[in-house]
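Remarks on the structure that follows.
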Amino acid sequence: MKICNYDKLDKDFFDSVGYDNMPDIDLLINNVKNHGDNYIIELSKKFNDGDFKSSKDFLVSKDEIKDAYNKVDKNFINHIEISKANVKEFSEKQLKSLKELEYKKENSILGHKIIPLSRVLSYAPGGNYPLPSSCIMTIVPAKVAGVSEVILTSPKIKPETIVAADIAGADKIYKLGGAQAISAFAYGTQTIKPVDKIVGPGNKFVNYAKKHVFGTVDIDFIAGPSEVLIIADETANPKLIAADMLAQSEHDKDARAYLITNSIKLAKNVQIEAENFLKTLPTSKIASISFEKAICVVVDNYNKMAELSNLRAPEHLEIMVRDENLILPYLVNYGSLFIGENCAEVFGDYVSGTNHVLPTNRAARYTGGLSVFDFVKIVTYQKINKEYAKELSKTASYIAEKEGLFAHKLASDLRI
Numbered sequence: 092m093k094i095c096n097y098d099k100l101d102k103d104f105f106d107s108v109g110y111d112n113m114p115d116i117d118l119l120i121n122n123v124k125n126h127g128d129n130y131i132i133e134l135s136k137k138f139n140d141g142d143f144k145s146s147k148d149f150l151v152s153k154d155e156i157k158d159a160y161n162k163v164d165k166n167f168i169n170h171i172e173i174s175k176a177n178v179k180e181f182s183e184k185q186l187k188s189l190k191e192l193e194y195k196k197e198n199s200i201l202g203h204k205i206i207p208l209s210r211v212l213s214y215a216p217g218g219n220y221p222l223p224s225s226c227i228m229t230i231v232p233a234k235v236a237g238v239s240e241v242i243l244t245s246p247k248i249k250p251e252t253i254v255a256a257d258i259a260g261a262d263k264i265y266k267l268g269g270a271q272a273i274s275a276f277a278y279g280t281q282t283i284k285p286v287d288k289i290v291g292p293g294n295k296f297v298n299y300a301k302k303h304v305f306g307t308v309d310i311d312f313i314a315g316p317s318e319v320l321i322i323a324d325e326t327a328n329p330k331l332i333a334a335d336m337l338a339q340s341e342h343d344k345d346a347r348a349y350l351i352t353n354s355i356k357l358a359k360n361v362q363i364e365a366e367n368f369l370k371t372l373p374t375s376k377i378a379s380i381s382f383e384k385a386i387c388v389v390v391d392n393y394n395k396m397a398e399l400s401n402l403r404a405p406e407h408l409e410i411m412v413r414d415e416n417l418i419l420p421y422l423v424n425y426g427s428l429f430i431g432e433n434c435a436e437v438f439g440d441y442v443s444g445t446n447h448v449l450p451t452n453r454a455a456r457y458t459g460g461l462s463v464f465d466f467v468k469i470v471t472y473q474k475i476n477k478e479y480a481k482e483l484s485k486t487a488s489y490i491a492e493k494e495g496l497f498a499h500k501l502a503s504d505l506r507i
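When the letters of the sequence shown are read in order and numbered with this note's numbering, they come out as residues 92 to 507.
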């Protein structure tokens, strides 16, 4: 971990991961679009994601789902149920906060409706670290929102992922992954019907593919690599900070962990604790590479802590200070906030109820994390009576003429 002062801030503090110029993936996506199922079978074999005899094998069958339940520990099922219940409860309360609108003006009616999306794809990573928890986070809010069909896909799918997807309420489960899965569900193939939206985390190829197909379908955002920023003062526990930083570092070598503190002593103790944990951590091979790139910035007051945090706009933001009320009002850019040393970021990953699909690469400056709101659309409507139409047409016709749009003016004038 690099330790630096505020006035000598390491430029890497603001580094982000780009997803530009991947011509091989562009070609792959276009080939899936043009050639469909047979090309997916070819790619899956090439990337060791599955040896499919035909496109019928893409889908996880009912028998395979039943078999998956027999292969997982009963405790796993119990804990997934707890996770689902908490995420469902939070999503339901979120949805209730969103209200339909209708009001009268001049005896006319204006308003908006809340309409669920029809068909959504949830992507769950399956590589080095399969994430069955992503099934809960992406499927449950969609089902609460009322999405008609929620599909889960994951490469090299594990029994745990199948069970988690089934418990979460997936209508169909597929064994496809990578950029080929994203393009298949965006454009459709001979056997795969295209979706309206694609959500969920993935590797750089998945993220690039999501970026490529955006516009044909909606996406949540580009999620990854994972990151955490911890604001801590001299009262914080260095062991907890070290553990939380490593929890993000072990995701992959591009994961990022940041610490902002007013105590150089705390910074050095965090370094020591992290090095001790890495000696026995089973994932130390990856975590050590990432933690070596971690950055600690030493500042002298809470205002600078908040300023730096807002500029970095982290995916996960943890607060471990004597009095969080001195800094909380000034924090505005983060994907999800964890207040106090009891509030481990990993609780948000798995079970507290909030979502773990969150904006990275400073995207928290303009968006929040995945939620039930991402699975509905707010559409406006209006019903205008003849008298009010005459009044509105005066302004509409005037503006239309100024813009040089004379058919617009005609359509307005006819209502006078």
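Ideal placement from N, C-alpha and C gives every residue a C-beta, glycine not left out.
How far does the alpha helix (DSSP H) with Cys226 in it extend, from its first residue to its last? 224–236
For Asn476, does the count of other Cβ atoms within 10 angstroms reach 16, so buried, or fall short, so exposed? exposed
Could you tell me which whole alpha helix (DSSP H) segments of length 4 or greater appear in the region 286–321? 295–304
To the nearest angstrom, how far is it from the Cα of Lys204 to the Cα of Lys468? 8 Å
Measure from the alpha carbon of Val290 to the alpha carbon of each residue in Gln281, Val231, Glu494, Leu331, then state which is nearest. Val231
Cβ neighbours of Asp335 in the same chain (closer than 7 Å, five flanking residues each side left out): Val319, Ile321, Glu409, Ala435, Glu436
When the Cβ atoms of the region 420–431 are set against those of the region 391–408, are three or more pairs found closer than 8 Å? yes
So, with DSSP's three-state summary, where would you put Glu406? coil
Once DSSP output is grouped into helix, strand and coil, what is the label at Val390? coil
How big is the Cα-Cα spacing for Glu183 and Pro223? 21 Å
Straight-line gap, Gly495 to Ser484 (C-alpha atoms, nearest Å): 16 Å
Pick helix, strand or coil for Arg456, following the three-state DSSP scheme. helix
So Lys301 and Ile273 are supposed to be a Cβ contact under 8 Å. How far apart are they, rounded? 6 Å
Local conformation of Leu399 per DSSP, three classes: helix
Where the beta strand (DSSP E) through Gln281 begins and ends: Where Gln281 is concerned, there is no enclosing beta strand (DSSP E), given that its DSSP letter is neither H nor E.
Could you spell out where the alpha helix (DSSP H) holding Phe105 opens and where it closes? Element bounds for Phe105: n/a, residue is neither H nor E.
To the nearest angstrom, how far is it from the Cα of Ile430 to the Cα of Asp142? 46 Å
What residue from Ser145, Thr326, Val389 has the CA that sits closest to Lys99's CA? Val389
Secondary structure at Thr374, three-state DSSP: helix, strand or coil? coil
In or out: Tyr110 buried (at least 16 other Cβ within 10 Å) or exposed? buried
Residue environment, Leu402, which counts as buried when at least 16 other CB atoms sit within 10 Å: exposed
Segment limits, alpha helix (DSSP H) that includes Gly439: 436–441
With 16 other Cβ atoms within 10 Å as the buried cut-off, status of Thr471: exposed
Counting along the chain, where does the beta strand (DSSP E) carrying Ser199 start and finish? 199–207
Using only alpha-carbon positions, find the residue among Val235, Asn360, Ala270 that is nearest to Pro329. Asn360
Taking its Cβ as the centre, do 16 or more other Cβ atoms sit within 10 Å of Ile351, making it buried, or is it exposed? buried
Taking Ala275 and Val304 to be in contact with their CB atoms under 8 Å, please state how far apart those CB atoms are, rounded to whole angstroms. In fact, because the Cβ distance is near 10 Å, the residues do not count as touching under 8 Å.
Could you tell me how far apart the beta carbons of Val448 and Thr229 are, in whole angstroms, since I believe they sit closer than 8 Å? 6 Å
Neighbourhood of Ala358 by C-beta distance below 7 Å, restricted to the same chain and skipping five residues each side: Ile94, Leu350, Thr352, Cys387, Val389
The alpha helix (DSSP H) that contains Phe143, what's its start and end? First-last for Phe143: undefined, no H or E at that position.
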